[in-house]
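J.:
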Amino acid sequence: MHRITLAALVALLLSGAPGVHAQTARHVREALVAEPGSATLSVALSDALRWEGSLVAALEPLQTALKEMPRNPLLLAKLGDLLFQLGRYERARETFKELGSVQPDSLDALYGLAKICRALLDWDRPLELCGAIQARDPDNAFARLNVGWAHFNKKEYARALECYSAPPAGARSMRLGAGWSRFRLGELDGARTVFQGLVRDFPGDVECQAGLDEVERAATHKELSSWKLPARLSSAEAQALVESARKLGQQGRLLEALDLVRRVVDGEAASVDAASELAGLDAQLGNWPLASYYYSVAINLQPAPGVQALKGKIWALRQQGLWNDAADLSRDLVKLKKDDPMAIGTLAYHSYLIGDFRKALDYYRQADRRDTLMVQGLGWCHLMLKEHAEAKRIFGEILAREPENVSAAEGLKAIQRNEAER
Numbered sequence: 000m001h002r003i004t005l006a007a008l009v010a011l012l013l014s015g016a017p018g019v020h021a022q023t024a025r026h027v028r029e030a031l032v033a034e035p036g037s038a039t040l041s042v043a044l045s046d047a048l049r050w051e052g053s054l055v056a057a058l059e060p061l062q063t064a065l066k067e068m069p070r071n072p073l074l075l076a077k078l079g080d081l082l083f084q085l086g087r088y089e090r091a092r093e094t095f096k097e098l099g100s101v102q103p104d105s106l107d108a109l110y111g112l113a114k115i116c117r118a119l120l121d122w123d124r125p126l127e128l129c130g131a132i133q134a135r136d137p138d139n140a141f142a143r144l145n146v147g148w149a150h151f152n153k154k155e156y157a158r159a160l161e162c163y164s165a166p167p168a169g170a171r172s173m174r175l176g177a178g179w180s181r182f183r184l185g186e187l188d189g190a191r192t193v194f195q196g197l198v199r200d201f202p203g204d205v206e207c208q209a210g211l212d213e214v215e216r217a218a219t220h221k222e223l224s225s226w227k228l229p230a231r232l233s234s235a236e237a238q239a240l241v242e243s244a245r246k247l248g249q250q251g252r253l254l255e256a257l258d259l260v261r262r263v264v265d266g267e268a269a270s271v272d273a274a275s276e277l278a279g280l281d282a283q284l285g286n287w288p289l290a291s292y293y294y295s296v297a298i299n300l301q302p303a304p305g306v307q308a309l310k311g312k313i314w315a316l317r318q319q320g321l322w323n324d325a326a327d328l329s330r331d332l333v334k335l336k337k338d339d340p341m342a343i344g345t346l347a348y349h350s351y352l353i354g355d356f357r358k359a360l361d362y363y364r365q366a367d368r369r370d371t372l373m374v375q376g377l378g379w380c381h382l383m384l385k386e387h388a389e390a391k392r393i394f395g396e397i398l399a400r401e402p403e404n405v406s407a408a409e410g411l412k413a414i415q416r417n418e419a420e421r
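Heads up: the sequence shown begins at 0 in numbering that gives the first Met the number 0, then just goes up one per residue.
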């Protein structure tokens, strides 16, 4: 089935009257000044910013309100959903888990966790979560739809068809699932009937028309076996393709390697090696959001986070300027590898960015003194803490061995300006 494109998502977020949404956000800010700390107004401001398309800005009012009300279920549900939309899956997962602990009967927590697992290609866990939803609400449409989608992606098309044929079978999404399941089962006539009915009921619907077009193409070339999706790759087949992709990557043929390893992920979603390789290739090509996503997939598919996947994810987050998220994962990394330089450096710089110079100093002191960037960090922390003599000594040491070091030179100039102003 086709996924909504990024362009379509952006269009959806920006649809409506921008002026009205901007005015609403402004009015809510004014109301918050008069009533600081209001959870209701914080949610209203976050919602207004989301409709403006300012998803990152929409985090701030929720996070601020949670400092005062850390166990507020409405704030947690809204924050988890927003983090999910931003692709910050690890933080979203923790938020929904917290919501579940605060409000054990919350369906929102189960919905959120199921959506995260679905996004990260973990098709077994959504079955468990949706089973828990159905235990409380047997006719829950979300659970039935997602159970079908999980079976479809596990290539269990007959079971998927059973789910999609159950009530509310008349819903558009359920009918689409039934059409694609019949198609993958080779039931072309049945699939055609389903998609023809959808096109008739939803004229102009791109997904419905695409399904019908696919059926007609398959009917035209049904003597060819290629119209059916291949069976799930065996572990040996998946590993062989990943190794081939690695060799292509080592030869600098990155796009060919990328195409090959994507085939592995499509054919064997539970391959940690394939997800990690795909993430690494995207990182080499500078596709940092995709690299971050596939490192998340790799982390999610392991019983415990692996060091290399965590390091890759942290690096991808840093490249996108998401230092808060990178610091969160760095705390996980130091539990596995206490002296990891990437984790320590990330925690140090994040602490510096948020103005906690004393904590940043502690982290920089743990870092390798042979790393000039870490030594520069020491100097700047001392400078920001107004410990000018120590900062001057450190910057001087750096310039003695690296006369062209711009950061150290700027640090010394800042100290000299401060001394001149006294």
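Where a beta carbon is used, it is the ideal one built from N, C-alpha and C, also for glycine. None of the values given here were measured: they were computed from a predicted structure.
Distance, Cα to Cα, glutamate 51 vs threonine 23?
T.: If I take the Cα positions, the gap works out to 10 Å.
J.: Should threonine 39 be labelled buried (16 or more other beta-carbon atoms within 10 Å of its own) or exposed?
T.: exposed
J.: Report yes if the CB atom of isoleucine 115 is closer than 9 Å to the CB atom of phenylalanine 141, and no otherwise.
T.: Between isoleucine 115 and phenylalanine 141, the gap from beta carbon to beta carbon reaches 9 Å or more.
J.: May I ask you to report which of helix, strand or coil DSSP gives methionine 173?
T.: helix
J.: Check the C-beta distance from serine 105 over to proline 72 and give it rounded, since I have them as a contact under 8 Å.
T.: Yes, serine 105 and proline 72 are in contact; Cβ-Cβ is about 6 Å, under 8 Å.
J.: Would you call the region 288-301 in contact with the region 258-277, where contact means no fewer than 3 C-beta pairs closer than 8 Å?
T.: yes
J.: For glutamate 34, name the three-state secondary structure that DSSP assigns.
T.: coil
J.: Given a threshold of 16 other Cβ atoms within 10 Å of its Cβ, counted over all protein chains shown, does serine 225 qualify as buried or as exposed?
T.: Low confidence applies to serine 225: its pLDDT is 47, below 50, so where it sits in the model is not reliable, and the reading given next is rough at best. The residue in question, serine 225, is exposed, as its Cβ has fewer than 16 Cβ neighbours within 10 Å.
J.: Mind checking which residues open and close the alpha helix (DSSP H) that includes proline 125?
T.: 124-135
J.: Can you check whether the CB of leucine 120 is closer than 9 Å to the CB of alanine 108?
T.: no
J.: In chain order, what are the residue ranges of uninterrupted alpha helix (DSSP H) at least 4 long that sit wholly in the region 77-129?
T.: 88-101, 106-118
J.: When DSSP labels each residue in this structure, what does aspartate 281 get in the three-state scheme?
T.: helix
J.: Does DSSP put glutamate 401 in a helix, a strand or coil?
T.: coil
J.: Could you check whether the region 329-340 touches the region 356-363, counting it as contact only if at least three pairs of C-beta atoms, one from each stretch, sit closer than 8 Å?
T.: no
J.: What is the DSSP secondary structure of methionine 383, reduced to helix, strand or coil?
T.: Residue state, collapsed to three classes: helix.
J.: When you compare only the Cα positions, how much space is there between leucine 187 and leucine 175?
T.: Between leucine 187 and leucine 175, the alpha-carbon positions lie close to 14 Å from each other.
J.: Quick check: the Cα distance between aspartate 123 and aspartate 212, rounded to an integer number of angstroms?
T.: 31 Å
J.: What would DSSP say about leucine 184, mapped onto helix, strand or coil?
T.: Leucine 184 carries a coil assignment under DSSP once its states are collapsed to helix, strand and coil.
J.: Does the region 133-150 come within contact of the region 160-173, defined as at least 3 CB pairs closer than 8 Å?
T.: yes
J.: Go through its chain and collect everything with a Cβ distance to glycine 196's Cβ below 8 Å, but skip five positions before and after it.
T.: Arg174
J.: For proline 69, does the count of other Cβ atoms within 10 angstroms reach 16, so buried, or fall short, so exposed?
T.: exposed
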